[in-house]
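Asks:
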Amino acid sequence: MLQRQTSSEGVVYYTSPVLSAAGVPHAFSTRLGGVSAAPFDSLNLGNPSGCDEHDPADNVRANEQRLLRAAGGGGREFCRVHQVHGRAVARAQRGKAFDFHEKADAIISDDPARALSVRVADCVPVLLATGDGRVVAAVHAGWRGVVAGVVPTAIQAMSDMGHLSLVTGHLLAAIGPSISGEAFEVGPEVVEIFSGLFDGTAVYRRLPHGKALIDLRRLLYLQLLNEGVEPGHIDVTDRCTYRDSREFFSHRREHGITGRMAAVIGAVEGEK
18 MLQRQTSSEG
28 VVYYTSPVLS
38 AAGVPHAFST
48 RLGGVSAAPF
58 DSLNLGNPSG
68 CDEHDPADNV
78 RANEQRLLRA
88 AGGGGREFCR
98 VHQVHGRAVA
108 RAQRGKAFDF
118 HEKADAIISD
128 DPARALSVRV
138 ADCVPVLLAT
148 GDGRVVAAVH
158 AGWRGVVAGV
168 VPTAIQAMSD
178 MGHLSLVTGH
188 LLAAIGPSIS
198 GEAFEVGPEV
208 VEIFSGLFDG
218 TAVYRRLPHG
228 KALIDLRRLL
238 YLQLLNEGVE
248 PGHIDVTDRC
258 TYRDSREFFS
268 HRREHGITGR
278 MAAVIGAVEG
288 EK
């Protein structure tokens, strides 16, 4: 289970015991401990799209640095992508410039000079690392990403980096705060997609008129098991971004005008 932490600067965040035990710097942010004003108060890590109201970029960058310091990644390059609810994976490679405008929903790297990040405001953040922490990934998984298999795709990309022996049987994973199965109501068309692909395992509870409550975190847990990740190597959480309004931003609760949390992770230095 993820653990709640507070930094010396007042940043409130969650950490994974399995990632911490491997010495991997990481954090799942909350909305607490930043510099932004309402409605982005206060640890805002990104702006909503399609809205006239935005948090100044300087605030977002200041919040990024606060989160990095809390995560133990101070001084690293903060890497993010243009998230599009798919399964594309970006690579932050040593010695190469990183494209912050790349369209992707996962980032992988073995570069200890960088911190990988994904932004969420109800979607599920997933952090991955090899057992020695030398290869890591940050993954953004909304329902479309879950259907597309963004987490299995990221795991395969980690293997393709040349560290297959480190990945197989030794992968560590943490599923972060997101909208819970009790709060994520979807229409009949989405229910049909999930039922057809996953034999109903993602349906938390069926509702009248063909609707249902979908447990994305549970399905991601099952996908990780299917990829060979051991149950004892997966940390989960009971925090709900929709329900727990004092701690988290929620796109659904605030009808789009809200800030963003972030999940960040950095690789551990090792012999090449």
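To convert, take the position in the sequence shown, counting from 1, and add 17; that gives this note's numbering.
We treat Cβ as the ideally placed atom computed from N, Cα and C, and that holds for glycine.
In this text, all values refer to a predicted model and were calculated from it rather than measured experimentally.
#1: With aspartate 141 and serine 66 assumed to form a contact (beta carbons below 8 Å), what rounded beta-carbon distance in angstroms separates them?
#2: On the DSSP letters alone, give me the boundaries of the alpha helix (DSSP H) that isoleucine 192 sits inside.
#3: Check whether the segment 18-36 and the segment 267-275 are in contact - that is, three or more C-beta pairs closer than 8 Å.
#4: For isoleucine 231, which of helix, strand or coil comes out of DSSP?
#5: Residues in the same chain with beta-carbon distance under 6 Å from alanine 107, minus the five sequence neighbours each way, listed in chain order, please.
#6: If you follow the alpha helix (DSSP H) that proline 205 is in, where does it begin and where does it stop?
#7: Compute the distance between the beta-carbons of glycine 148 and histidine 187, then report whether it is under 8 Å.
#8: Is it true that the segment 50-59 meets the segment 252-263, where meeting means three or more beta-carbon pairs spaced less than 8 Å apart?
#9: Take alanine 284 and list the residues in its own chain whose beta-carbon comes closer than 7 Å to its own, dropping the five residues that flank it on each side.
#10: Taking only the alpha-carbon atoms, compute the straight-line gap between valine 77 and arginine 83 and give it to the nearest angstrom.
#11: Kindly indicate which three-state DSSP category methionine 178 falls into: helix, strand or coil?
#12: Hey, quick one: how far does the alpha helix (DSSP H) through serine 37 stretch, first residue to last?
#13: Give the range of the beta strand (DSSP E) segment to which leucine 84 is assigned.
#14: Give me the Cα-Cα distance between alanine 219 and histidine 157, rounded to the nearest whole angstrom.
#15: First and last residue of the beta strand (DSSP E) that includes alanine 146?
Replies: So, to answer that:
#1: Mapped onto the sequence shown, residue 141 falls at position 124. Mapped onto the sequence shown, residue 66 falls at position 49. In the sequence under discussion, the amino acid at residue 141 is valine, which differs from the aspartate named in the question. About 19 Å; that fails the 8 Å criterion.
#2: For the purposes of this step, residue 192 is taken as residue 175 along the sequence shown, with counting starting at 1. Not the alpha helix (DSSP H): isoleucine 192 falls in the beta strand (DSSP E), residues 189-192.
#3: no
#4: Walking along the sequence shown from the start, residue 231 turns up at place 214. Here isoleucine 231 sits in strand by DSSP.
#5: Locating residue 107 in the sequence shown gives position 90, counting from the first residue. Here the set comprises Val98, Glu119, Ala121 and Ile124.
#6: Here residue 205 refers to the residue found at position 188 when the sequence shown is read from its first residue. Per DSSP, proline 205 belongs to the alpha helix (DSSP H) from 205-215.
#7: As a working note, residue 148 is residue 131 in the sequence shown. As a working note, residue 187 is residue 170 in the sequence shown. Contact flag set, yes.
#8: no
#9: In the sequence shown, counting from the first residue as 1, residue 284 sits at position 267. Excluding residues within five positions, the ones whose Cβ falls inside 7 Å are Ser126, Asp127, Asp128, Pro129, Gly150, Arg151, Val152 and Val153.
#10: Locating residue 77 in the sequence shown gives position 60, where the first residue counts as 1. Locating residue 83 in the sequence shown gives position 66, where the first residue counts as 1. Using only the alpha carbons, I get a separation of about 10 Å.
#11: The count along the sequence shown starts at 1 and reaches residue 178 at position 161. Reduced to three states, the DSSP call for methionine 178 is helix.
#12: Along the sequence shown, read from residue 1 onward, the residue named residue 37 stands at position 20. Its alpha helix (DSSP H) spans residues 34-38.
#13: Position 67 of the sequence shown holds residue 84. Note, leucine 84: premise wrong, no beta strand (DSSP E); alpha helix (DSSP H) at 74-88.
#14: Position 202 of the sequence shown, counted from the start, is the residue given in the question as residue 219. Position 140 of the sequence shown, counted from the start, is the residue given in the question as residue 157. For alanine 219 and histidine 157, the distance between alpha carbons rounds to 18 Å.
#15: Taking the sequence shown and counting its residues from 1, one reaches residue 146 at position 129. Alanine 146 -> beta strand (DSSP E) spans 141-146.
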